[in-house]
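Below: one structure, written as structure tokens.
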Amino acid sequence: YVNLGTCNDKIIGARLKTFDIDEIANTGNYSFLYSTSLKNVTCSSGDIHGDSLMAYKAVAYNYNNDGQVAKTSYTLRVLGEGILDETLIYTNPISKSTTVFRFKIVVLNWNAELGVFYYTRCSDFGKSDADSRTIVVSACSANNEDAQELASSWAEGDLKAGFKGPALSELPQCSCFFRFK
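In the numbering used here, the protein residues as written are -10 to 170.
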């Protein structure tokens, strides 16, 4: 919770109320283009899969500058218009104790045609003064000029939106040939 802000009225008020998780679920891998929170990574990617009956899952891969790959899996469920509950269950490998982390994904924008997704992650238990924001693009559209321009436009708009914390930083895109472990 240290790196996340709280789910404040500004964030909740900025959400895209018409977002439908089924439009992004099972559509393949997404490459992180812009982020306020990812540092020291070569690239990052992830996907959302599942359905409302069997549950939705999200998996993120961070390729760190030291050559290591960090894989994180989350359970997702729809909380309301443009808001997803994101749960991470962490088991300490030494003590075997389990901790449950609860986050919210607040959808700021989504373009299903181009596969560009803009969101903020927050938590009712967040301790940071900064709002964590990210823009990802479908691997199928990663080299599409229109998708790149849309993501860039949203990143510029992010500067004017009045969110707390740093501006979105552009990230290197993952190659289609990375091997996921």
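All residues carry an ideal CB built from backbone N, CA and C; glycine is no exception.
Q. Taking C-alpha atoms, which residue in K116, G154, Q137 and N133 lies nearest to Y(-10)?
A. K116
(Q) Suppose contacts are defined by Cβ-Cβ distances below 8 Å. Is L5 in contact with L97 by that definition? (A) yes
Q. Going by the beta-carbon positions, is the gap between T109 and I0 smaller than 8 Å?
A. yes
Q. Looking only at DSSP bridge pairs, what is T76 linked to?
A. T64 and R91
**Q.** Among T7, A59, C32 and S127, nearest to L73 - alpha-carbon criterion
**A.** T7
**Q.** Contact check, Y19 vs D40, beta carbons under 8 Å
**A.** no
Q) At what residues does the beta strand (DSSP E) containing S24 begin and finish? A) It spans Y19 to S24 - the beta strand (DSSP E) in which S24 sits, taken as one unbroken run.
Q.
Looking only at its chain, what residues have a beta carbon closer than 6 Å to the beta carbon of N15, apart from the 5 residues adjacent to it on each side?
A. H38
Q) With V95 and V126 assumed to form a contact (beta carbons below 8 Å), what rounded beta-carbon distance in angstroms separates them? A) The C-beta distance from V95 to V126 rounds to 19 Å, too long to meet the 8 Å contact threshold.
Q) Using DSSP with H/G/I as helix, E/B as strand and the rest coil, what is A140? A) helix
Q: Tell me, to the nearest whole angstrom, how far the beta carbon of C32 is from that of Y52; I am working on the premise that it is less than 8 Å.
A: 5 Å
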